[in-house]
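Novice: Using this note's numbering, read the sequence shown as starting at 4 and increasing by one per residue. Positions of the beta carbon are idealized from the N, C-alpha and C atoms, including for glycine. Nothing here was measured: the structure is a model prediction, and the numbers come from that model.
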Amino acid sequence: MGLRTPLYETHIAAGARIVDFGGWDMPVNYGSQIEEHHGVRRDAGMFDVSHMCVVDLRGAGVRDFLRRVLANDVAKLTVRGKALYSCMLRENGGVIDDLIVYYLDDRYYRLVVNAGTRDKDIEWLRTHAGAFEVAVEPRFDLAMIAVQGPNARQKAATLLDADLAARALDLGAFFGTGAGQWFVARTGYTGEDGWEIILPAGEAADFWSRLHGAGVMPCGLGARDTLRLEAGMNLYGNDMDESVSPLESGLGWTIAWEPQDRDFIGRAALTEQKARGVPRKQVGLMLGDRAVMRSHQKVVVPAVGEGEVTSGTFSPTLERSIGLARVPSQTTDRCEIEIRGRLLSATVVRPPFVRHGKIAVAL
């Protein structure tokens, strides 16, 4: 038996198919995964993301602490509620985790970290927090529900306190606002508009039920994966981990190189790698054949070298297989994927494949 979110019994009662995900018993789908996928793209869907961990950081030195442990720079956050996406790195430049950090006030920031990396993240943060006199508080008392899709915010707003709903509807992208233990952020992992709503664990089942009643479709991890891959978003453990740097994982844009005197953990290793020349890069792939790309399949780039598919699936929106791959930096517009002993031709593209419901690549 794995770890369970406050919504586990709700998922069971709804007939969800439960799978292990990073040690958690999570719903992969409730019925048709394709219908769940299209429900988010066309209307509104919801996901239980309570397996992800909210970590509150408090203290006079919290800003300096985060400027040390994150590759992106929280000094960019000057308006309360603003969020930033960043990697947290080892000294060798390997990715411990990718996360979102919210600036709530000068002594208080909030992180949302991945489920499978939760324990090592908390240990890493606590190891480095002492020198800055920062308190690291995992919020195991909270749940999180993502409502995503073109109509998601409007449907969810009807269920929030009127003042919170008004402020939440007024949020720009990558901003959050709270009321008591509730926190609403205009963030997501689908390439669609929507909110991620943090709330007390004891209130999650009732809110989930009311969302369903308001016409928001329950969706599992299967649809979440096809949606995030269409949106060109990385999955920790697949597309990056401690063995690769952000420069090799399509995440170079998350590194704040300026100011040059900010000595974040991993900076020296990334600087050296950049100076030598990064040998591999992340690309998007589209397959012309009816086969489906999967993680760890070999990528062959004729006259250049080999790489590996890091994430692959069938795209319900494009109606063909898409993937992310780590390939030699000299790779251009074509490659081949080894699937069941055959080399199949693939087109190299720049993600995202789909954004806000519209196809973003040439078919």
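Going by alpha carbons, who is nearest to R113 out of P153, G344, G62 and V330?
Specialist: Against the sequence shown, residue 113 aligns to sequence position 110. For R113, the nearest C-alpha among the options comes from G62.
Novice: So, under 8 Å CB-CB, P221 and E195 are touching, yes? Tell me the CB distance rounded to an integer number of Å.
Specialist: As a first step, residue 221 must be located in the sequence shown, where it is residue number 218. As a first step, residue 195 must be located in the sequence shown, where it is residue number 192. Not quite, the Cβ-Cβ distance comes to about 16 Å (not below 8 Å), so this is no contact.
Novice: Pick helix, strand or coil for R170, following the three-state DSSP scheme.
Specialist: For this step, residue 170 is matched to residue 167 along the sequence shown. The answer is helix: DSSP assigns R170 an H, G or I state.
Novice: Quick one: Cα of D144 to Cα of L250, how far?
Specialist: Counted from its first residue, the sequence shown places residue 144 at position 141. Counted from its first residue, the sequence shown places residue 250 at position 247. Each residue's Cα considered, the two are about 36 Å apart.
Novice: Go ahead and pull the three-state DSSP assignment for E199.
Specialist: Sequence index remark: in the sequence shown, residue 199 carries index 196 (1-based). Correct three-state label for E199: strand.
Novice: Give a yes or no on contact between the segment 302-321 and the segment 255-274, applying the rule of three or more CB pairs nearer than 8 Å.
Specialist: No, they do not touch.
Novice: DSSP on Q300, reduced to helix/strand/coil?
Specialist: Within the sequence shown, residue 300 is the residue found at index 297, counting from 1. Residue state, collapsed to three classes: coil.
Novice: Mark R283 as exposed unless 16 or more other C-beta atoms lie within 10 angstroms of its C-beta, in which case mark it buried.
Specialist: Against the sequence shown, residue 283 aligns to sequence position 280. Its Cβ being crowded by 16 or more others within 10 Å, R283 is buried.
Novice: Can you tell me whether V82 is buried or exposed, with buried defined as 16 or more other CB within 10 angstroms of its CB?
Specialist: Position 79 of the sequence shown, counting from 1, holds the residue named residue 82. Exposed, since its Cβ has fewer than 16 Cβ neighbours within 10 Å.
Novice: Hey, P30 and A207 are a contact pair by Cβ (cut 8 Å); roughly how many whole angstroms apart?
Specialist: To locate residue 30, count along the sequence shown from 1; it is residue 27. To locate residue 207, count along the sequence shown from 1; it is residue 204. Their Cβ separation, rounded to whole angstroms, is 14 Å, which puts P30 and A207 out of contact at 8 Å.
Novice: Give me the residue from M91, R20, Q285 and R70 with the minimum Cα distance to E261.
Specialist: As a first step, residue 261 must be located in the sequence shown, where it is residue number 258. For E261, the nearest C-alpha among the options comes from R70.
Novice: So, with DSSP's three-state summary, where would you put I21?
Specialist: Start at 1 with the first residue of the sequence shown, and residue 21 comes out as number 18. DSSP places I21 in strand when its eight states are reduced to three.
Novice: Please identify the residue among R170, G175, L202 and Y239 whose C-alpha is closest to the C-alpha of Q184.
Specialist: Counting from one through the sequence shown, the residue named residue 184 turns up at place 181. When only C-alpha atoms are compared, the closest one is L202.
Novice: Just to confirm, are A118 and G25 a CB contact at a threshold of 9 Å?
Specialist: By 1-based counting over the sequence shown, the position of residue 118 is 115. By 1-based counting over the sequence shown, the position of residue 25 is 22. Contact flag set, yes.
Novice: For G218 versus A19, is the C-beta spacing smaller than 9 Å?
Specialist: Reading the sequence shown from its first residue, position 215 is the one you call residue 218. Reading the sequence shown from its first residue, position 16 is the one you call residue 19. In this structure, A19 does not lie closer than 9 Å to G218 by Cβ.
Novice: If the criterion is Cβ atoms closer than 9 Å, does the pair R156 and R189 meet it?
Specialist: Position 153 of the sequence shown, counted from the first residue, corresponds to residue 156. Position 186 of the sequence shown, counted from the first residue, corresponds to residue 189. Yes.
Novice: Which full runs of the beta strand (DSSP E) of 3+ residues lie inside the segment 9-73, going along the chain?
Specialist: You should have 20-24, 27-32, 48-51 and 56-61.
Novice: Using the Cα positions of V98 and L238, report the straight-line distance between them to the nearest angstrom.
Specialist: Your numbering for residue 98 matches position 95 in the sequence shown. Your numbering for residue 238 matches position 235 in the sequence shown. Rounded to whole angstroms, V98 to L238 spans 12 Å at the Cα level.
Novice: Would you mind working out which of S35, A134 and A86 sits nearest F371, comparing C-alpha positions?
Specialist: The structure shown has nothing for residue 371, since the chain only spans 4 to 366.
Novice: Give the DSSP bridge partners of T180, in chain order.
Specialist: Residue numbering aside, residue 180 sits at position 177 when the sequence shown is read from its first letter. For T180, which the question treats as bridged, DSSP gives the partners V187.
Novice: Quick one, are the C-beta atoms of G48 and A226 less than 9 Å apart?
Specialist: Here residue 48 refers to the residue found at position 45 of the sequence shown. Here residue 226 refers to the residue found at position 223 of the sequence shown. Cβ atoms of G48 and A226: closer than 9 Å.
Novice: Report yes or no: do three or more beta-carbon pairs, one from the segment 346-356 and one from the segment 323-335, lie closer than 8 Å?
Specialist: Cβ pair count under 8 Å is three or more, so yes.
Novice: Whose C-alpha, out of A78, E233, V286 and G5, is nearest the C-alpha of G255?
Specialist: As a working mapping, residue 255 is identified with position 252 in the sequence shown. Nearest C-alpha to G255: V286.
Novice: So, with DSSP's three-state summary, where would you put F317?
Specialist: Taking the sequence shown and counting its residues from 1, one reaches residue 317 at position 314. In the structure shown, F317 sits in a strand (DSSP, three-state: E or B).
Novice: Would the beta-carbon of D313 fall within 9 Å of that of A74?
Specialist: The sequence position of residue 313 within the sequence shown is 310, counting from 1. The sequence position of residue 74 within the sequence shown is 71, counting from 1. Checking the sequence shown, residue 313 turns out to be Thr, not Asp. Not a contact, by the Cβ cut-off of 9 Å.
Novice: Taking C-alpha atoms, which residue in I340, W211 and A365 lies nearest to A17?
Specialist: Residue numbering aside, residue 17 sits at position 14 when the sequence shown is read from its first letter. Among I340, W211 and A365, the Cα nearest to that of A17 belongs to W211.
Novice: To which residues does DSSP link S89 through a beta bridge?
Specialist: Along the sequence shown, one-based indexing puts residue 89 at 86. Its beta-bridge partners are L102.
Novice: For D67 and M147, I'd like the C-alpha separation in whole angstroms.
Specialist: Against the sequence shown, residue 67 aligns to sequence position 64. Against the sequence shown, residue 147 aligns to sequence position 144. Between D67 and M147, the C-alpha separation is close to 28 Å.
Novice: Considering only residues of the same chain and omitting the five flanking positions on each side of H14, which have a CB-CB separation below 6 Å?
Specialist: Taking the sequence shown and counting its residues from 1, one reaches residue 14 at position 11. Result list for H14: P30, in chain order.
Novice: What is the DSSP secondary structure of Q285, counted as helix, strand or coil?
Specialist: Indexing the sequence shown from 1 puts residue 285 at position 282. Correct three-state label for Q285: strand.
Novice: Can you name the residues that DSSP bridges to E309?
Specialist: The residue labelled residue 309 in the question sits at position 306 within the sequence shown. DSSP lists V303 as partners of E309.
Novice: Taking the beta carbon of G205 as the centre, do at least 16 other beta carbons fall within 10 Å, making it buried, or is it exposed?
Specialist: Within the sequence shown, the letter at position 202 stands for residue 205. It is exposed - the Cβ of G205 has fewer than 16 other Cβ atoms within 10 Å.
Novice: What residue range does the beta strand (DSSP E) around L128 cover?
Specialist: What you label residue 128 is simply residue 125 of the sequence shown in a count that begins at 1. Counting along the chain, L128 falls outside any beta strand (DSSP E), though it belongs to the alpha helix (DSSP H) covering R121 to A132.
Novice: Evaluate the contact criterion for the segment 122-131 versus the segment 90-108: three or more CB pairs, one atom per stretch, below 8 Å.
Specialist: In short, these stretches touch, since the Cβ pair count reaches three.
Novice: According to the neighbour-count rule (16 or more other Cβ atoms, all chains shown, within 10 Å of its Cβ), is S246 buried or exposed?
Specialist: Start at 1 with the first residue of the sequence shown, and residue 246 comes out as number 243. Flag for S246 reads exposed.
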